[in-house]
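Its first residue numbered 84, the sequence shown is counted upward by one per residue in this note's numbering.
Just below is one structure, and these are the notes that go with it.
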Amino acid sequence: MGIRRQSLMLVSLFGLSLAANGAAGAPANEIEAGIAYDRLTNGLPEWWREYLEALHRFDTRQLVYGGLQHAERFRRDDTEIYGGAYQPLGPATTVSGEATAGATHDIFPEWSLFGQVAQTLPRGWGVQLGLRHRAYRGATVDIGSLILERYWGAYRGAYTYALADLEGETAGSHRLQLNYYYGDRSTVGVSYATGRELESAGTPVVLIYDVTYYGLSGRHWLNDRWAMSYAVEVNEQGDSYRRMEFTLGVRRAF
């Protein structure tokens with residue numbers, strides 16, 4: 084079946100802060116193209132991923148985005164398209180949603196839906212609640228997340244707890260993030276996560292692995308129009324392998 088392993092390290096996708104989407108007065112449109120290379124241990128073949136994404140900003144907390152990505156893993160390849168939006172409901176509340184669709188379903192899910200509510204609290208605090216549903220061939224995965232964050236000065240700290248359910252088995256993860264914002268729109272951050280990973284191979288038995296993640300990522304604006312996005316991430320998949328991913332993207336604002 085299409086599902087290989089459902090990693091809770093992907094909860095980073097739940098933590099898209101509005102600050103990372105651009106400061107007030109940022110250009111209305113942005114587009115980015117990039118590539119990711121993954122090196123695996125234990126003699127396993129390398130992974131590749133290419134992506135193209137774009138966004139249109141109506142206001143600081145109101146935008147739409149979309150993109151596509153193509154991945155090659157374990158001599159299989161797949162393509163996914165996605166789109167989503169952020170919409171303020173008031174001065175302190177923002178909702179967001181996202182939908183995806185896969186092509187071959189060998190890597191990405193057949194489809195997925197994601198919804199999130201973000202609430203700004205006093206003294207720089209904020210909380211986010213999210214739920215994602217992924218449909219694979221023969222299995223579905225539900226992932227809920229709770230994010231507690233705080234902004235102070237040029238920094239953002241965040242803690243994420245995520246809980247996944249696959250065929251009646253559950254697994255949780257914890258993630259810590261620290262970001263530093265500099266210039267008008269540039270940012271760099273570090274993150275660490277630990278938890279469990281669920282795997283279904285099309286049998287009634289769901290396997291559970293301990294996993295650890297740590298990474299460095301950021302976006303540096305060279306000027307008002309051009310930026311470089313980058314990431315170096317390490318995933319330790321129990322005793323199976325260690326995966327190091329390098330991502331580099333070029334972003335254009337207009």
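The C-beta atom is built at its ideal place from N, Cα and C for all residues, glycine as well.
- Residue pairing by DSSP places Leu127 in no beta bridge whatsoever.
- In the same chain as Trp208, and ignoring 5 residues on each side of it, the C-beta atoms closer than 6 Å to its own belong to Arg233, in chain order.
- In this structure Ala241 is not in contact with Gly255, their Cβ atoms being roughly 17 Å apart against a cut-off of 8 Å.
- Per the DSSP secondary-structure output, Phe197 pairs in a beta bridge with Glu181 and Arg215.
- When the beta-carbon positions are compared, Ile230 and Val210 come within less than 8 Å of each other.
- In this structure, the straight-line span from the alpha carbon of Ser228 to that of Arg325 is close to 25 Å.
- The Cβ-Cβ distance between Ser312 and Tyr297 does not fall below 8 Å.
- In the DSSP assignment, Ser256 is bridged to Ala245 and Gly278.
- Per DSSP, the continuous beta strand (DSSP E) segment holding Leu231 begins and ends at Ala222 to Trp235.
- Note that the C-beta distance between Gly149 and Gly332 is not below 8 Å.
- Under the 10 Å beta carbon count, Leu299 is surrounded by fewer than 16 other beta carbons and is classified as exposed.
- By the C-beta density criterion, Arg268 is buried, having at least 16 other C-beta atoms within 10 angstroms.
- Apart from sequence neighbours up to five positions away, the residues of its chain that approach Ala310 with a beta-carbon distance below 7 Å are Arg302, His303, Trp304 and Arg334, ordered along the chain.
- In the DSSP assignment, Pro174 falls outside any beta strand (DSSP E), carrying neither H nor E.
- The stretch 171 to 178 makes no contact with the stretch 150 to 162, as fewer than three CB pairs between them are under 8 Å.
- Excluding five sequence positions before and after Ala184, the CB atoms of its chain that fall closer than 6 Å to its own CB belong to Ile164 and Trp194, given in chain order.
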